[in-house]
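Line order of the protein sequences matches chains B and X.
Using the numbering used here, read the first sequence as starting at 23 and increasing by one per residue.
Using the numbering used here, read the second sequence as starting at 17 and increasing by one per residue.
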Amino acid sequence: MGIITVLWEKWTEFKRDFYKITMAAMVSPLMYLVIFGLGIQTTSHGEPYLNFLIPGLVAMSTMTGSFSAVAQNMSVQRLYEKALDQIMVSPTPLWQFILGQIIGGSLRGMYAGGIILLLTMPIRTGLVFNGLSFFIMFLNGTVFSTIALVLSFLAKSYTDAPRYTSYIIMPMSFLCNTFFSTDQIPGGFRQAVALLPLSQASGMIRSIAMGVPEGILPGCMLLLAYLLVFSLIAVGFIYRKKTL
Amino acid sequence: MIELKDLTKRFGDFTAVDHLNLTIRTGEFLGLLGQNGAGKTTTISMMSTVLLPSEGRILMDGVPLTRKASREKRRLSVITQEYSMRQDMTMSEAMEYQGRLYYLSRKEIRQKTQELFAFTGLTDFKHRTVRHLSGGMKRKLMICRALMTEPEILLLDEPTAGMDAISRRQMWNLLRRLHSQKLTILLTTHYMEEAQYLCDRVALMEKGKLDIVDTPGHLIEELGSFAVDIPAEDTLQSRYFADRDAAIAFLSQAGKEAVLRNTNLEDVFVERIGRGIG
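The following block contains the structure:
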């Protein structure tokens, strides 16, 4: 029930800010597509670079869409509007609130990823996006929604949300298998980057898109592990943090 | 009944509330008074579980009030000092959100929103975004939101702060009406006349500690029901008398600028809490 309430709240926000949300989800991936995919035409592993880029952009958009939907919103609600107090006082179980935020954030991420798919639909790539791709997009979104929740509980000021984007989301966008394969990163650092959730999500979505799904089970397990760890931290915060 | 037992809240080295022991009886209207920084808002925040106590606990009819205590929280409504609500929602959406958080049906939400908006004169503004409301309207919306869930216990943190005189009187009338319906109310306020007019008992807090809990009438009586104000060059001194004749006798010797009046709760507050103020 509490989950539905949070999803309703997210839905009203989505309806109200539809154009803003859609534009924000479109602009930077579209730029990347134009510059790297169409402007600088090249190949990767014998395939047009666009075929490498599109699955990475889908995963990246899922990440940024989910993260920003939760991080900004929650930081403002907690620190500026004090609207989180309304939730804390209410009888809605707080774990349901957390779960609603995670699902709602992930759906917003899927919307952002879906926009990339729509934008690239006219381009003949032969890439495959199926139910499994959407499941991984959803899973990726839940991971980054949960990370955003944890960070928004740690934020000291509502201006911290854009900082988190600069320190976490932006480096991940560039390093984690979006624009180039993690294989090209020097050893040691490569293994660390490959374990990050976006690298996993990009890799899985790309392998499905290329028609040769590989590493799906371990990849999903790793994403689930991230989801579990950050969910537990978020739930721990909301129930136990002395000063929210 | 709500019991605060050894309730303590520390922020680093600063103790905002220090081993507070207080009982709010069922159906009682209790005022929590104190200077800025006395710990009133921190106490309300702990009672609404927004803050967790560093020590001590809160019991509602013997059941600990925690963030997990959904059944107990269902009985509570809080009107915070700040406008704690989503600023980008319309008033109707803000009400629906509250109703959903308290598991009300959509029909109930619609009906109660209509009633409460009509009662507070907000009907014409129901589609207005919270961000674009005046302070007084936001305060009214918070009242609607709190009453929508038909609470048994109402926690009010300076609900009339910033209100004009007429709105304040309307609020007082509303609170008296709610109290007559056996609602338990805890009110923090800076306005002593408000506490004197509304509260069955008042608790005076000073630097996080409880100074005294008693009825306004008894506190006034203890100080002396009659006051004589003697204006000096840059101060106003008051003397208190239990007996009217003694006050009049003092007045006749005190000079022609001295004034006789009834003692009020503000005198009690200044004498007990404001001792040593210039």
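Don't be surprised by glycine CBs; every beta carbon is placed ideally from N, CA and C.
Query raised in the report: How many angstroms separate the CA atom of Trp32 of chain B from the CA atom of Leu129 of chain B?
Result: Residue 32 of chain B is actually Lys in this sequence, not Trp. Taking the straight line from one Cα to the other gives about 10 Å.
Query - Alpha-carbon spacing of Ala214 of chain B relative to Glu69 of chain B, whole angstroms - result: 27 Å
Query raised in the report: From the DSSP output, which residues share a beta bridge with Glu44 of chain X?
Result: In DSSP, Glu44 of chain X forms no bridge with anything.
Query raised in the report: So is Met158 of chain X in contact with chain B if we call contact Cβ pairs under 7 Å?
Result: no
Query raised in the report: Is the CB-CB distance between Tyr189 of chain B and Leu173 of chain B below 7 Å?
Result: no
Query - Members of the stretch 30 to 41 of chain B near chain X, C-beta cut-off 9 Å - result: Trp30, Glu31, Thr34, Glu35, Arg38 and Asp39
Query raised in the report: Assuming Ser108 of chain X and Thr129 of chain X make a contact with CB atoms under 8 Å, what is their CB distance in whole Å?
Result: 6 Å
**Report entry** The alpha helix (DSSP H) enclosing Ile57 of chain B, as first and last residue numbers
**Finding:** Taken as a continuous stretch (DSSP letters only), Ile57 of chain B belongs to no alpha helix (DSSP H), as it is neither H nor E.
**Report entry** CB of Glu88 of chain X within 7 Å of CB of Thr200 of chain X, strictly
**Finding:** no
Requested in this report: Can you grab the Cα-Cα spacing for the pair Leu244 of chain B / Lys25 of chain X, in whole Å?
Outcome: 40 Å
Report task. Would you mind reading off the limits of the beta strand (DSSP E) that contains Tyr256 of chain X? Result -> Leu252 to Phe257
**Report entry** Where the alpha helix (DSSP H) containing Phe135 of chain X begins and where it ends
**Finding:** Arg122 to Thr136
Query raised in the report: Are the stretch 32 to 42 of chain B and the stretch 97 to 114 of chain B touching by the rule of at least three beta carbon pairs closer than 8 Å?
Result: no
Requested in this report: Could you tell me which of X:Glu249, X:Gly290 and X:Asp259 sits nearest to Glu273 of chain X, measuring between CA atoms?
Outcome: X:Glu249
Query - Beta-carbon proximity of Leu239 of chain X to Thr279 of chain X, cut-off 7 Å - result: yes
Query raised in the report: Between the C-alpha atoms of Gln222 of chain B and Gly241 of chain B, what's the straight-line distance to the nearest angstrom?
Result: 6 Å
Query - Top-ranked residue by Cα proximity to Ile228 of chain X, from X:Thr31, X:Met158, X:Glu287 and X:Thr176 - result: X:Glu287
Query raised in the report: Looking only at its own chain, which residues have a Cβ that is under 8 Å from the Cβ of Leu51 of chain X, when we skip the five neighbours before and after it?
Result: In the sequence on display, residue 51 of chain X carries Gln and not Leu. Result list for Gln51 of chain X: Glu222, Ile289 and Gly290, in chain order.
Report task. Under the assumption that Leu141 of chain B contacts Leu254 of chain B (Cβ atoms under 8 Å), give the Cβ distance between them as a whole number of angstroms. Result -> So it is not a contact: roughly 36 Å between Cβ atoms.
Query raised in the report: Do you know offhand how far Glu93 of chain B's Cα is from Val80 of chain B's?
Result: Looking at the sequence shown, residue 93 of chain B is not Glu but Ala. Computed Cα separation, rounded: 20 Å.
Query raised in the report: Arg146 of chain B by DSSP, collapsed to three states: which one?
Result: coil
Query raised in the report: Shorter than 7 Å from the beta carbon of Asp182 of chain B to some beta carbon of chain X?
Result: no
Query raised in the report: How about Ala32 of chain X and Gly224 of chain X: are their beta carbons less than 7 Å apart?
Result: yes
Query raised in the report: Using the C-alpha atoms, what's the distance from Met63 of chain X back to Gly292 of chain X?
Result: Summary for Gly292 of chain X: the model assigns pLDDT 49, below 50, so the residue's position carries little reliability, and this model does not support an answer.
Query raised in the report: Where does Glu103 of chain B sit, in a helix, a strand or coil, going by DSSP?
Result: coil
Query raised in the report: Which residues in the same chain as Ala263 of chain X place their Cβ atom closer than 7 Å to its Cβ, once the five residues preceding and following it in sequence are excluded?
Result: Phe242, Val244, Phe257 and Leu276
Report task. Could you please give the first and the last residue of the uninterrupted beta strand (DSSP E) stretch that includes Thr217 of chain X? Result -> Looking at the sequence itself, residue 217 of chain X is Arg, so the reference to Thr does not match. From DSSP, the beta strand (DSSP E) with Arg217 of chain X extends over Arg217 to Glu222.
Report task. Assign Ile289 of chain X to one of three DSSP states: helix, strand, or coil. Result -> coil
Query raised in the report: So, using beta-carbon positions, are Leu172 of chain X and Leu149 of chain X closer together than 7 Å?
Result: no
Requested in this report: Please state whether DSSP places Ser93 of chain X in a helix, a strand or coil.
Outcome: strand
Query raised in the report: On the three-pair Cβ rule with 8 Å, is the stretch 129 to 139 of chain B touching the stretch 116 to 133 of chain X?
Result: no
Requested in this report: Note the first and the last residue of the continuous beta strand (DSSP E) segment covering Phe252 of chain B.
Outcome: Not the beta strand (DSSP E): Phe252 of chain B falls in the alpha helix (DSSP H), residues Ile238 to Arg262.
Report task. Assign Ile25 of chain B to buried or exposed, taking buried as 16 or more other Cβ atoms, counted over all protein chains shown, within 10 Å of its Cβ. Result -> buried
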